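J.: Structure provided below as structure tokens; questions to follow.
Protein chains: 4
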Amino acid sequence: MRGIAAGDLDETRFRSWLVQDYLFLLDYVRLFALAAARAPGTDSLGRLVDLAHSTFHQELSLHRAYAAEFGLSEADLDRAEKTPVCAAYTDLLLRTAATADFVEVLAAVLPCMWGYSELGRAIAAGGLPAEPRYRRWVQTYADPGFAALAAWCAALLDRAAEGLPAANVAACERAFATLGHELAFWDA
Amino acid sequence: MRGIAAGDLDETRFRSWLVQDYLFLLDYVRLFALAAARAPGTDSLGRLVDLAHSTFHQELSLHRAYAAEFGLSEADLDRAEKTPVCAAYTDLLLRTAATADFVEVLAAVLPCMWGYSELGRAIAAGGLPAEPRYRRWVQTYADPGFAALAAWCAALLDRAAEGLPAANVAACERAFATLGHELAFWDA
Amino acid sequence: MRGIAAGDLDETRFRSWLVQDYLFLLDYVRLFALAAARAPGTDSLGRLVDLAHSTFHQELSLHRAYAAEFGLSEADLDRAEKTPVCAAYTDLLLRTAATADFVEVLAAVLPCMWGYSELGRAIAAGGLPAEPRYRRWVQTYADPGFAALAAWCAALLDRAAEGLPAANVAACERAFATLGHELAFWDA
Amino acid sequence: MRGIAAGDLDETRFRSWLVQDYLFLLDYVRLFALAAARAPGTDSLGRLVDLAHSTFHQELSLHRAYAAEFGLSEADLDRAEKTPVCAAYTDLLLRTAATADFVEVLAAVLPCMWGYSELGRAIAAGGLPAEPRYRRWVQTYADPGFAALAAWCAALLDRAAEGLPAANVAACERAFATLGHELAFWDA
């Protein structure tokens, strides 16, 4: 993050992140799709379908375009394999989406969205990097539209969790611990 | 179908169909979403997410607009409850999507798409009804784009089923028996 | 029920029930297994695995033995197919078990257990039928052990539902409406 | 493994394994339960329910008894948390069980059973350790009954995979790669 903010991040490291995040996003689409299938109401069904759709068409396209700027072809992305850290994260997300209560699924989804939004905004607040590709990366996640998305997800979770007994809230807190996987993802 | 083709179908009957099909489509979105989450490859993942998205945004909007022309408000649609026939169909689809093999899910999805496409084309081939609303209904399902969608679904199923042993093919044939629910839906 | 209580139920009808209930129980095992997989705690995990196990080994054996007394071989049972009423019930149960919250799964499971226990006890309270096979049927479901099982399931549901907000309780009430399928099963 | 075979494994290490394997087995029960719910035939349904049941009642009891001999109380086991290595393994198993085809679930299940059976037999063939607790550990997994179980699982997989096209076999091979998690589990 500091390297992106300074605009001097070693490209090899960024390429690794790009590849792994690309593979992560493919499962993130599956996660939104699975959450949509289990959404109790029409509103949340529609919003989660929209998220699956925009992640597949916009986020992944963005990644392919970025990847090209860093010398990675689509074939490079498709040939790549998840690291254990990436696989552990997406397997937890999809296990949760398939077997936990709906509110816990929302809690597991949130750290990724919220984290990127916060990181983008924090870096942008300190000044955008001069390097054009890293600048664009920061702008993507610092975008108010992205912050609004994270806020919507948080609001949906808050609404679903409102008034829940302590045991259910504790289950949500455990699900929110996907945050640890976010940190591990950066460390890797 | 004959009533729609002749353009003289009793409106009360059509209204019942509109309401039930609206409720069916909400679960059909869930079905595509669940199938997407289980799609083995990137292509089928993307296409199934697109189907969930277009069903939610286009098909359901179309239904709401139609419903208005037949004197049904959005509140009427949202207040409605599935008949046992409709519930039996969507529960089978979602049980299949959640527990059967992916190829069987495709087999269960196909009769609805294919059936509407065939019906639309057959009626249109015999001449469009004069009644403008029924005419539009026929045009929707007789549309080459809709036929292409059904053909894509059939091709995806054929590809996934190619070379499967007899026992797996038999399982697909059983899943395809959602066709019986299509007929029951019309009868109801 | 009145025919069983009087001991003069037409055997053809009872045979139909036996066959359909046999097929129902196979999916009931799947239901308990799916609920077990989603059980949040060790206790409920173990109890639901026990239910799947005892339903598969005891209830189904009982059915096969009964069926033999009514002239139905195991091959007859295995060849049989679910009626639409039976399929609609088990598809709803498995759709619920795969996609709803855990507490709703418990609410969907309860009517079957509780209903048979209540029916068995009510008939036994009015005097056991003289016909030995129907007498045994009543004794099975009037058994205090079976009542204890239903009471355990109700207690587990009550505990899981305790303190839930109104929207979640309403979802449980909708899931409990599998009761309607119990009635339809008897009517069929 | 070499430490167990020699009977001189550091107890602290074995205690870590005991605790993690206990937590693993709780999810292994869930895995068998989920596989049972998706089993296409009555035979595999029954066998998978039996596996869930025997893992819950026999394997976990065995672990609790062992744990006591190593100074670990039940409370110690219940308080423990999965390491990332253990969580990555069980999350993959449950994600696979919930979303992959049934034959892939069998492929994912096999490495654990087969591996322990092979290890137990290989160590026993070289002579049982003198240390009584490690000797019993080896005897448990060297047991012909355990080998028969692993052989049954392999035969079920072989039968389900027989005649499958290359793409489906490749998916099974990827699912079988849970083997890597077995190795990581020992390394941890």
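Chains as they are written, first to last, in the working numbering: chain A, -5 to 182; chain B, -5 to 182; chain C, -5 to 182; chain D, -5 to 182.
Each residue gets a CB set at the ideal place from its N, CA and C atoms; glycine is no exception.
A quick note: this is a predicted structure, and the numbers were derived from the prediction, not measured.
Give the residues of chain B in contact with residue 36 of chain A, contact being defined as C-beta atoms less than 7 Å apart.
T.: Simply 20.
J.: Let me see if you follow: with CB-CB separation under 7 Å, is residue 88 of chain B close to chain C or not?
T.: Closer than 7 Å: yes.
J.: Using a Cβ cut-off of 7 Å, pull out every chain C residue sitting near residue 32 of chain A, in sequence order please.
T.: Correct list: 93.
J.: Can you name, in chain order, every residue of its own chain whose Cβ lies under 7 Å from the Cβ of residue 3 of chain B, other than the five neighbours on each side?
T.: Contacts found: -3, 128.
J.: Using a C-beta to C-beta distance shorter than 9 Å, which residues of chain A count as neighbours of residue 158 of chain C?
T.: The contacting residues are 157, 158, 159, 162.
J.: Would the beta-carbon of residue 109 of chain B fall within 7 Å of that of residue 167 of chain B?
T.: Their beta carbons are not under 7 Å apart, which means residue 109 of chain B does not touch residue 167 of chain B by this criterion.
J.: Under 9 Å Cβ-Cβ, which residues of chain D neighbour residue 153 of chain C?
T.: Ordered by position in chain D, no residue passes the 9 Å Cβ test against residue 153 of chain C, which lies about 19 Å from the chain.
J.: Closer than 6 Å by C-beta to residue 54 of chain A: which residues in its own chain qualify, once you throw out the five before and the five after it? Chain order, please.
T.: The residues are 19.
J.: At a CB distance below 7 Å, what residues from the stretch 46 to 58 of chain B approach chain A? Give them in sequence order.
T.: Taking 7 Å as the Cβ-Cβ cut-off against chain A, the residues of the stretch 46 to 58 of chain B that qualify are 46, 47, 50.
J.: Just the chain C side, please: which residues come within less than 9 Å of residue 165 of chain A by C-beta, in chain order?
T.: The contacting residues are 34.
J.: Taking only beta-carbon atoms, is residue 2 of chain A less than 7 Å away from chain D?
T.: By this cut-off, residue 2 of chain A is not an interface position.
J.: Checking 7 Å against the spacing of the C-beta atoms, do residue 25 of chain D and residue 94 of chain D come in under that value?
T.: No, they are not a contact pair.
J.: Chain A partners of residue 78 of chain D, CB-CB under 7 Å?
T.: Ordered by position in chain A, the residues that pass the 7 Å Cβ test against residue 78 of chain D are 82.
J.: Quick one: any contact between the stretch 77 to 91 of chain C and the stretch 99 to 113 of chain C, if contact means 3 or more CB pairs under 8 Å?
T.: These segments touch.
J.: Looking at the unbroken alpha helix (DSSP H) that takes in residue 133 of chain C, where does it start and where does it end?
T.: Unbroken alpha helix (DSSP H) run through residue 133 of chain C: 126 to 136.
J.: Cα-Cα, which of A/8, A/34, A/149 is closest to residue 169 of chain C?
T.: Of A/8, A/34, A/149, the residue nearest in Cα terms is A/34.
J.: Is the CB of residue 27 of chain D under 7 Å away from at least one CB in chain C?
T.: Yes, residue 27 of chain D lies at the interface with chain C (some Cβ there is under 7 Å from its Cβ).
J.: Name the chain B residues that come within less than 8 Å of residue 96 of chain D, Cβ to Cβ?
T.: Residues of chain B passing the Cβ test: 95.
J.: Is the beta carbon of residue 155 of chain C closer than 7 Å to that of residue 99 of chain C?
T.: Against a cut-off of 7 Å, the Cβ pair of residue 155 of chain C and residue 99 of chain C comes out as no contact.
J.: If you scan the stretch 75 to 158 of chain C from start to end, which runs of the alpha helix (DSSP H) of 4 or more residues do you find wholly inside it?
T.: The qualifying runs are 78 to 93, 96 to 119, 126 to 136, 138 to 155.
J.: Between which residues of its own chain and residue 132 of chain C is the CB-CB distance below 8 Å, once the five residues before and five after are set aside?
T.: Cβ neighbours of residue 132 of chain C beyond the five flanking positions: -2, -1, 114, 117, 118, 122, 123.
J.: Leaving out five residues before and five after residue 46 of chain B in sequence, what residues of the same chain have Cβ atoms less than 7 Å from its Cβ?
T.: So the qualifying residues of the chain are 23, 26, 27, 30.
J.: Under 7 Å Cβ to Cβ from residue 125 of chain D, same chain only, skipping five residues before and after it: list those, please.
T.: Only 1 meet the Cβ criterion.
J.: Look at residue 71 of chain C and residue 16 of chain C and say whether their C-beta atoms are less than 7 Å apart.
T.: Result yes, Cβ atoms of residue 71 of chain C and residue 16 of chain C sit closer than 7 Å.
J.: Just checking my contact of residue 74 of chain C with residue 13 of chain C at CB under 8 Å: how many whole Å lie between their CB atoms?
T.: The pair is a contact, with the Cβ atoms about 5 Å apart (cut-off 8 Å).
J.: Run down chain A in chain order and give the residues with a C-beta less than 7 Å from the C-beta of residue 15 of chain D.
T.: Within chain A, no residue comes near residue 15 of chain D; the closest Cβ sits about 19 Å away, beyond 7 Å.
J.: In chain B, what lies closer than 7 Å to residue 99 of chain A by C-beta?
T.: Under the 7 Å cutoff, chain B gives no residues; its nearest Cβ is about 12 Å from residue 99 of chain A.
J.: For residue 14 of chain C, report the span of its alpha helix (DSSP H) as first-last.
T.: Residue 14 of chain C -> alpha helix (DSSP H) spans 5 to 32.
J.: Sort B/179, B/150, B/159, B/172 by Cα distance to residue 39 of chain B and report the nearest one.
T.: The option with the nearest alpha carbon to residue 39 of chain B is B/150.
J.: Where residue 120 of chain C and residue 107 of chain C are concerned, what is the direct C-alpha to C-alpha distance, given to the nearest angstrom?
T.: Each residue's alpha carbon lies about 20 Å from the other.
J.: From residue 173 of chain D to residue 66 of chain D, what does the alpha carbon distance come to, in whole angstroms?
T.: For residue 173 of chain D and residue 66 of chain D, the distance between alpha carbons rounds to 28 Å.
J.: In angstroms, rounded to a whole number, what distance separates the CA positions of residue 50 of chain C and residue 32 of chain C?
T.: Spanning the two alpha carbons is a distance of roughly 19 Å.
J.: Give a yes or no on whether the C-beta atoms belonging to residue 82 of chain D and residue 178 of chain A are separated by under 7 Å.
T.: Taking 7 Å as the Cβ cut-off, residue 82 of chain D and residue 178 of chain A do not qualify as a contacting pair.
J.: Where does residue 179 of chain D sit, in a helix, a strand or coil, going by DSSP?
T.: It is helical.
J.: Could you name the residues of chain D that residue 40 of chain C contacts, counting a contact when the two beta carbons are closer than 7 Å?
T.: Going along chain D in sequence order, the residues near residue 40 of chain C (Cβ under 7 Å) are 50.
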